[in-house]
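Accompanying notes for the structure given below.
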Amino acid sequence: CDPDGYRRSARVDGETGIVAVRALPDVAALEVRWTGGAARGLLDLSARVARLFDLRADVVTIGRQLRRDSRLARDWPAAGVRVPGTWDPFEIAVRALLGQQVSVAAARTLAGRLVERCGTPLGRAAADGITHLFPTPAQVAGARLDGLGLTGARVAALRALAGAVAAGTLDLEAPRAPEETVAALQRLPGIGAWTAQYVAMRALGETDAFPAGDLGVRRALAVAGRLPGEREVLARAERWRPWRAYAAIALWTGPTRTTRRPFTPRSTA
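Below you can see the structure in the form of structure tokens.
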């Protein structure tokens with residue numbers, strides 16, 4: 071993602087190419103360009119873009135409820151709030167895991183190394199620095215992961231995540247129930263409540279997912295410099311149901327915030 075829009079590699083209905091999305095000026099619409107040759111996968115392409123940009127959200131209804139909270143009303147944008155989704159649920163889970171306790175720049179570097187090590191080269195379809203497809207769960211589970219700059223614990227967590235998705239014991243594409251998937255994620259090594267809730271927001275489209283212990287959320291709700299505890303945050307967030315994910319986005323990205331969460335990092339895949 072950059073000021074000109076969003077670009078990434080993709081495989082759509084067996085065709086490999088690059089998808090580019092940008093907002094059209096002065097029009098409430100997105101322009102989608104696809105370099106793959108086949109047209110039969112365009113419905114899937116459209117559905118993935120809609121999920122990525124949360125285009126089906128009823129931002130008017132969501133905003134009407136959440137703006138009743140004075141803190142949320144203060145920064146609520148006129149165009150409403152959307153929860154950025156993902157092109158590939160496994161990819162966002164991997165990126166969330168790689169981003170634990172490191173800077174945004176470091177997380178991007180780690181993801182880029184993983185893509186170069188495990189991903190499928192685009193070959194002639196490569197363009198503008200996009201050279202690989204993001205690796206599949208099976209590719210990550212079976213790859214040699216030493217030398218990427220990951221700790222032993224992080225390598226074990228990544229292998230466990232990829233192995234569970236590859237084996238079908240963890241379904242991120244069509245989960246039976248978000249709460250079951252969140253619980254399954256937290257049973258994996260190295261994945262705690264924050265990561266599981268973040269994946270639920272981004273990968274599962276769970277509108278009520280909420281990382282209550284997140285430091286950014288707590289800072290945004292601080293009063294006279296005092297950070298509320300997780301229980302206090304959860305109690306206040308009860309009035310935001312079933313849209314707590316949208317409240318988290320507003321708290322992370324509002325104009326009065328000095329520290330913002332990255333939701334669509336520039337993809338090396």
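According to my numbering, the sequence shown is numbered sequentially starting from 71.
Every residue gets a Cβ at the ideal spot worked out from N, C-alpha and C, and that includes glycine.
Computed from a predicted structure; not experimentally measured.
In the three-state reduction of the DSSP assignment, Pro248 falls in the helix class, which pools H, G and I.
Inter-residue distance for Ala307 and Leu321 is about 12 angstroms (C-alpha atoms, whole angstroms). Checking the DSSP bridge columns, you'll see Leu203 partnered with Thr190. Going by DSSP, Leu100 is part of no alpha helix (DSSP H) but of the beta strand (DSSP E) stretching over 100 to 104. Inter-residue distance for Ala317 and Pro248 is about 18 angstroms (C-alpha atoms, whole angstroms). Taking a C-beta distance under 8 angstroms as the contact criterion, Asp114 and Asp158 do not qualify as a contact pair.
Cβ atoms of Ala254 and Ala232 stay farther apart than 8 angstroms, at about 14 angstroms. Residue state for Ser173 is assigned as coil, using DSSP reduced to three classes. Ile132 carries a helical assignment under DSSP once its states are collapsed to helix, strand and coil. Annotation: the continuous beta strand (DSSP E) that includes Thr86 extends over 85 to 93.
Between Gly260 and Ala236, the C-beta gap is not smaller than 8 angstroms, which leaves the two residues out of contact. Membership of Ala80 in any alpha helix (DSSP H) is not indicated; the residue belongs instead to the beta strand (DSSP E) covering 76 to 82. Ranked by Cα distance from Ser79, the first of Pro73, Arg103, Pro95 is Arg103.
In the three-state scheme derived from DSSP, where H, G and I count as helix and E and B as strand, Arg110 is classed as coil. Assignment of Arg296 by DSSP, reduced to helix, strand and coil, places it in the strand class. In terms of Cβ geometry, Val130 and Gly107 do not form a close pair [threshold 8 angstroms].
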